[in-house]
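Written out below as structure tokens is the structure these notes cover.
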Amino acid sequence: MRRFVIACAASLALATPGTAQQAADAVAPETATEGVFAPASPAVAAALAAKREGRPVMARDWMIAAANPHAAEAGAAILADGGSAADAMVAAQAVLGLVEPQSSGLGGGAFLVWYDAASGKLTTLDGRETAPLAATPTLFQDNTGEPLGFYDAVVGGRSVGTPGTPALMAEAHRRWGRSAWSTLFDGAIALAEGGFSVSPRLAGLVTRDADRLARFPATAAYFLPGGQPVTAGQALTNPAYADTLRQLASKGAEAFYSGPIATDIARTVQSAAGNPGVLSQVDLSLYQVRERPPACVSYRAHEVCGMGPPSSGALTVGQILGMLDTRPLPGPQDPEAWRLIGDASRLAFADRGRYMADADFVPMPTKGLIDPAYLAARAELLRGDDALPEVAPGKPEFDHARNWADDEAIEFPSTSHITIVDRFGNVLSMTTTIENAFGSRLMVRGFLLNNELTDFSFRSHRDGVPIANRVEPGKRPRSSMAPTIVMEDGRPVLALGSPGGSRIIGYVAQALIAWLDWGLDVQQVVSQPHAVNRFGTYDLEAGTPAEALQAPLQALGYEVTLRDLNSGLHAIEIGETLRGGADPRREGIALGR
Ligand code: GLY
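Throughout, the numbering used here is defined as the position within the sequence shown, counted from one, plus 7.
Next up, the structure:
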């Protein structure tokens with residue numbers, strides 16, 4: 008039996024988010040999305056219909072799920088031509104940087120989990136941004152040592168880390184590509200030159216962020232032509248981006264990290280009006296993708312594997328699942344399930360805030376944090392009936408004796424996720440970001456620069472004790488991104504991931520529980536209403552059946568808020584048939600053949 012089912016029928020009542028979130032979030036509903044992508048190809052139309060009707064997309068040979076139909080189509084074209092999942096990722100990422108520029112792109116970073124069908128091995132690539140060599144631990148403090156306001160830090164050059172996405176695209180292609188690199192940008196170049204339809208989501212976010220986008224001339228000229236926000240359905244061209252892609256296509260990623268593009272990036276960061284940064288051409292020339300071992304935990308007789316440090320994603324998801332693996336979980340309509348998930352999450356977030364950071368820079372109890380004996384001991388704290396009155400970090404086994412103070416990094420949701428299975432059986436799960444929506448708001452040669460450095464703690468110490476995730480030159484800011492591949496008996500059976508800042512951890516953990524415990528199919532998994540606890544309030548997705556949990560969770564002692572919860576889960580279930588699910592909160596689809 009592949010997985011056990013506790014409450015399949017009961018869970019269906021929780022499977023469809025309502026529209027309140029979409030309205031409140033200024034993101035147009037799905038019908039508008041379909042209109043904008045008309046005339047859609049038959050495959051895109053069928054994928055949009057499947058999503059609207061809550062059905063998974065099914066395929067036999069290959070599949071891609073991504074956050075925008077143009078991006079999914081670009082990846083699908085490569086897969087249909089015999090390309091690998093790595094090739095399709097390059098094509099899809101190039102298009103995402105054009106049509107969903109607020110979320111990811113060449114100016115950002117990404118983490119990639121890869122299952123290699125030929126060797127049967129899993130590996131991860133770290134394309135996270137790095138802090139410039141000239142950055143100091145006080146980067147986000149004022150001259151009295153107090154943390155800057157979030158947007159005072161974000162908007163401008165100060166927050167920009169050395170981008171990793173172009174190098175990650177090149178490294179994935181070097182290792183696993185089958186198609187010619189130079190051809191992988193054709194789809195994105197054609198859209199950038201021929202024009203693409205501005206999506207409702209992009210238009211809504213431009214309107215919401217117009218004041219910040221207006222601060223920098225190149226950004227304003229693109230997103231606010233003539234002083235007005237671009238509108239949904241408007242055809243938008245980006246010739247500067249097409250030119251950048253042509254240079255990448257002909258010269259490889261080196262074209263990004265040295266020469267005129269690198270010069271322009273450094274100049275734009277260092278001359279950002281009102282908030283210059285310190286990123287230099289030397290930082291760009293030194294950038295390297297790192298291969299890391301996957302971080303895996305056992306859950307319900309599966310191995311759940313993802314990205315270790317500098318991401319906290321797999322370790323925190325792994326801690327939650329590892330604690331819950333010590334007992335059966337009731338169905339999703341039982342508040343007891345949410346007590347267990349909520350308190351396991353609070354315990355895991357306490358450890359995350361204390362211990363997790365870039366392990367190349369700070370000693371980290373990476374193994375200790377997901378050690379089954381440690382997690383079983385932490386799970387003993389879940390024995391009661393009510394919400395834990397207090398939650399504190401545990402004491403995982405440490406290779407080094409070291410005390411850290413608790414972190415206070417602020418993470419806002421933007422980001423995107425791509426999941427791909429190719430005809431050779433390779434599986435790719437990649438979460439990709441420029442951090443905040445529109446990143447630093449600085450635009451160079453048709454793409455936006457990230458604000459990833461604000462994922463560091465703004466404070467460097469607390470009561471004289473250093474914070475693990477403080478800024479240091481060359482260091483990678485702690486992430487929550489959790490691209491995941493689930494293995495059963497050594498074979499991949501599910502791949503997924505999500506945007507959402509530090510709520511990514513809750514979205515991904517809940518999706519895995521829904522699939523492994525509650526027996527939901529992949530579309531139900533990504534559609535289910537969210538209930539997320541990050542070590543504070545219990546956040547329930549407004550306008551959905553999750554609101555029914557409010558009173559019972561309050562009775563257990565939680566402080567509960569109803570709010571919009573924007574995920575962007577993209578999942579593929581891998582069996583005899585491939586089944587894909589795309590989050591109805593975003594504009595994406597799954598496409599396959
Ligand atoms: N910037 C979002 C994350 O890395 O988690």
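All residues carry an ideal CB built from backbone N, CA and C; glycine is no exception. Only a predicted model underlies this, so the values are computations on that prediction, with no experimental measurement involved.
Within the segment 172-226, the alpha helix (DSSP H) runs of at least 4 residues that lie entirely inside it are, in chain order, 172-183, 193-201, 207-215, 217-220. The way I'd put it, the segment 370-384 doesn't touch the segment 421-440; fewer than three beta-carbon pairs between them come closer than 8 Å. For residue 477, DSSP records a beta bridge to 464. Here the distance from the Cβ of residue 574 to the nearest heavy atom of ligand 1 is not below 7 Å. Here DSSP, grouped into helix, strand and coil, assigns residue 253 to helix. In this model, residue 303 and residue 533 are separated by some 22 Å (Cα to Cα). Assigned with DSSP and collapsed to three states, residue 515 falls in helix. The beta carbons of residue 461 and residue 111 sit about 16 Å from each other, so the pair does not count as a contact at 8 Å. Rounded to the nearest angstrom, the gap between the Cα atoms of residue 130 and residue 104 is 25 Å. One thing to note: residue 194 has its Cβ no nearer than 8 Å to the Cβ of residue 242. Contact between the segment 224-238 and the segment 450-458 is present, with at least three C-beta pairs closer than 8 Å.
With a 10 Å radius around the Cβ and a threshold of 16 neighbouring Cβ atoms, residue 583 comes out exposed. For residue 280, the closest C-alpha among the options 254, 96, 222 is that of 222.
Within the segment 288-312, the complete alpha helix (DSSP H) segments at least 4 residues long are 288-293, listed from N- to C-terminus. Excluding residues up to 5 positions away in sequence, 304, 306, 311, 516, 519 lie with their Cβ nearer than 7 Å to the Cβ of residue 328 in the same chain. Here residue 147 carries a coil assignment [DSSP, helix/strand/coil]. For residue 570, the enclosing beta strand (DSSP E) starts and ends at 567-570.
Exposed is the label assigned to residue 289, since fewer than 16 other Cβ atoms lie within 10 Å of its Cβ. According to DSSP, residue 540 shares a beta bridge with 545. With a contact defined as Cβ atoms closer than 8 Å, residue 117 and residue 134 qualify at about 5 Å. In this model, residue 235 and residue 162 are separated by some 20 Å (Cα to Cα).
In the three-state reduction of the DSSP assignment, residue 482 falls in the coil class, being assigned neither a helical nor a strand state. With a threshold of 7 Å, the Cβ atom of residue 486 counts as near ligand 1, since some heavy atom of the ligand is closer than that. An exposed status is given to residue 295, since fewer than 16 other beta-carbon atoms sit within 10 Å of its beta-carbon.
Listed in chain order, the non-local C-beta contacts of residue 246 below 8 Å within the same chain comprise 199, 200, 453, local neighbours out to five positions each way being set aside. In the structure shown, the three-state DSSP call for residue 85 is helix. Here residue 456 is not near residue 285, since their CB atoms are 8 Å or more apart. By the CB criterion at 8 Å, residue 425 and residue 73 fall inside the cutoff.
Taking the C-beta atoms as reference points, residue 205 is found nearer than 8 Å to residue 238. For the set 259, 435, 373, 513, the Cα lying nearest the Cα of residue 544 is the one of 513. Membership of residue 502 in the beta strand (DSSP E) is indicated by the continuous run 498-503. In this chain, residue 376 is not harboured by any beta strand (DSSP E); it is covered by the alpha helix (DSSP H) spanning 373-376. Between ligand 1 and residue 462, a heavy atom-to-CB distance of less than 7 Å is present. Taking C-beta separations shorter than 8 Å and ignoring five residues to either side along the sequence, the partners of residue 84 in its chain run 98, 194, following chain order.
Excluding its 5 nearest sequence neighbours in each direction, residue 569 has C-beta neighbours in its own chain below 7 Å: 547, 549, 554, 557, listed in chain order. Relative to ligand 1, even the nearest heavy atom lies 7 Å or more away from the CB of residue 107.
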